[in-house]
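In our numbering, the protein residues as written are 22 to 192.
Glycine is no exception: its CB is placed at the ideal position from the N, C-alpha and C atoms.
For clarity, every value in this text was computed on a predicted model and none was experimentally measured.
Here's the structure, in structure tokens; my notes come after.
If you want it as structure tokens, here you go:
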């Protein structure tokens, strides 16, 4: 079995995704029209603690994500993830080119956690109340007690992580 990420197109067909380390060209895309919500060129996400990746369909970058390995906590922290403007619900509403991008990026975070020997445990913050609801209802995330983080923090582990991760496994 291998990790085979995918998203859904407008006809609900699975479309294979390649996830690779981010490049300078990927970062520069975020400042071109149509603009992304975040510029990745001068971001704090470029720090050495972050492992940044681009999710692509052929030559099209459909999402960027930043992960941190928290060895002292035995988790992978999903620091930030963003869909390209044509699939970002904040920008295009319901007229998204691809759906399931966030779930796929969470699945990749779970894979990183498995690869590190952390059992698939990931944590992430909800930047909006809509995301908070989405993480709980769709990912079965559990809210963690308040931390220094301003945004609510959630953990995805055990059966919830296994359900997400296993949906991307293929022979």
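**Request:** Starting from residue 85, follow its DSSP beta bridges and name the residues at the other end.
**Result:** Residue 85 is bridged by DSSP to 75, 103.
**Asked** According to DSSP, what are the bridge partners of residue 160?
**Response** Looking at the DSSP output, residue 160 bridges to nothing.
**Asked** Okay, do the stretch 158-175 and the stretch 107-119 touch, 3+ Cβ pairs below 8 Å being the bar?
**Response** These segments do not touch.
**Asked** For the alpha helix (DSSP H) that contains residue 180, what are its first and last residues?
**Response** Note, residue 180: alpha helix (DSSP H), 179-187.
**Asked** Is it true that the stretch 128-143 meets the stretch 49-62, where meeting means three or more beta-carbon pairs spaced less than 8 Å apart?
**Response** Taking 8 Å as the limit for Cβ pairs, the verdict is that the stretch 49-62 does not touch the stretch 128-143.
**Request:** Identify, in the order they occur along the chain, each residue of the same chain with its Cβ nearer than 6 Å to the Cβ of residue 177, setting aside the five sequence neighbours on each side.
**Result:** Once the five neighbours on either side are set aside, the close Cβ partners of residue 177 are 143, 160, 162.
**Prompt:** Under the three-state reduction of DSSP, which class applies to residue 175: helix, strand or coil?
**Reply:** Residue 175 falls in the strand class under three-state DSSP.
**Message:** Below 8 Å, how does it come out for the stretch 88-98 and the stretch 58-67: are there three or more Cβ pairs, yes or no?
**Reply:** No: fewer than three Cβ pairs fall under 8 Å.
**Prompt:** Any contact of the stretch 136-151 with the stretch 33-42, i.e. 3+ C-beta pairs under 8 Å?
**Reply:** With the cut-off at 8 Å, the stretch 136-151 and the stretch 33-42 do not touch.
**Message:** In whole angstroms, give me the CA-to-CA distance for residue 182 and residue 140.
**Reply:** Roughly 9 Å separates the two Cα atoms.
**Prompt:** Exposed or buried, which one is residue 173 when buried takes at least 16 other CB atoms within 10 Å?
**Reply:** Under a 10 Å Cβ-count criterion, residue 173 is classified as buried, with 16 or more other Cβ atoms of the shown protein chains found around its own Cβ.
**Prompt:** From which residue to which residue does the alpha helix (DSSP H) around residue 132 run?
**Reply:** That run of the alpha helix (DSSP H) goes 122-136.
**Asked** residue 40 bridges to which residues according to DSSP?
**Response** 76.
**Item:** Candidates 107, 188, 167: closest to residue 58 by CA position
**Value:** Of the candidates 107, 188, 167, the one whose C-alpha sits nearest the C-alpha of residue 58 is 107.
**CB-CB length for residue 88 against residue 128, believed under 8 Å** = Here residue 88 is actually not in contact with residue 128; their C-beta atoms are around 12 Å apart, not less than 8 Å.
**One or two residues paired with residue 35 in a DSSP bridge** = Here residue 35 is bridged, per DSSP, to 29.
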